[in-house]
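Engineer:
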């Protein structure tokens, strides 16, 4: 559960949002453990979501219900003794379970409406190469993340955040037993994209190309 802030028309604090989830799946190891992973089916239900009070105008009530269901796949494969490929994929179908009134705009949201900011498809691929440099262990790699289009405003079903793909490169160099240098470039192709949205009037853009260098001492 998570707390709901505020009170209802009678001044009574709201009950918290409640969540229940079910998951079933398998773990597997193939080809002498060179390929390992998990495959899972899930369903989650949420209740006591804040919505506009349909009886008392201007007040809020914990009336909303929603659910999400889907499949998740995580896969790790050693292509050689020093090259690893990691894959993570998720399919999520998330929607409301009952009719509610949006508390900000007073617009009815019918049962079966999509939830904001949840992509149906999300894919992450990471290729990592380990090697030796300056007589110490090092690794470098590339990562690609794909995020499907998402609903951007619950009261405006036509407002969608477009799909995007981000590329990241990274490297780590150990310098003795205690020092480590890390470097990465996020959003390598400097894509213009949107991370999330509260409504059509409030949408969060993603970061442009960003380079990061850090030094770690243990």
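In this note's numbering, the protein residues as written are 7 to 224. By construction, the Cβ of each residue, glycine as well, lies at the ideal position given by its N, Cα and C atoms.
1. Which value, in whole angstroms, describes the spacing of the CA atoms of residue 178 and residue 192?
2. Nearest CA to the CA of residue 299: which residue from 121, 220 and 72?
3. Kindly list the residues whose CB is nearer than 6 angstroms to the CB of residue 70, restricted to its own chain and excluding five residues on each side of it in sequence; keep chain order.
4. Using 10 angstroms around the beta-carbon of residue 21, count the other beta-carbons present and answer buried if the total reaches 16, otherwise exposed.
5. Looking at the structure shown, is residue 206 part of a helix, part of a strand, or coil, going by DSSP?
6. Thinking residue 50 and residue 74 are a contact (beta carbons under 8 angstroms), I'd like their distance in whole angstroms, please.
7. If you count every other CB in all the chains shown that lies within 10 Å of the CB of residue 221, and 16 or more means buried, which is it?
8. Could you name each continuous alpha helix (DSSP H) segment of 4 residues or more that falls completely within the segment 22 to 52, going from the start of the chain to the end?
9. Please list, in chain order, all residues of the same chain as residue 46 whose beta carbon is under 6 angstroms from its beta carbon, the five residues on each side excluded.
10. Around the C-beta of residue 125, are 16 or more other C-beta atoms found within 10 angstroms, so that it is buried, or is it exposed?
11. What are the boundary residues of the beta strand (DSSP E) that includes residue 181?
Structural biologist: The structure says:
1. Whole-angstrom Cα-Cα distance: 15 angstroms.
2. What is shown of the chain runs 7 to 224, which leaves residue 299 out entirely.
3. Correct list, in chain order: 55, 57 and 106.
4. Exposed, by the Cβ-count rule.
5. For residue 206, the three-state secondary structure derived from DSSP is coil.
6. 5 angstroms between Cβ atoms; contact.
7. With fewer than 16 Cβ atoms within 10 Å of its Cβ, residue 221 is classed as exposed.
8. If we require 4 residues or more, the segment 22 to 52 turns out to have no alpha helix (DSSP H) run fully inside it.
9. Only 29, 31 and 78 meet the Cβ criterion.
10. Burial check for residue 125: the Cβ neighbour count within 10 Å reaches 16 or more, so the residue is buried.
11. That run of the beta strand (DSSP E) goes 170 to 181.
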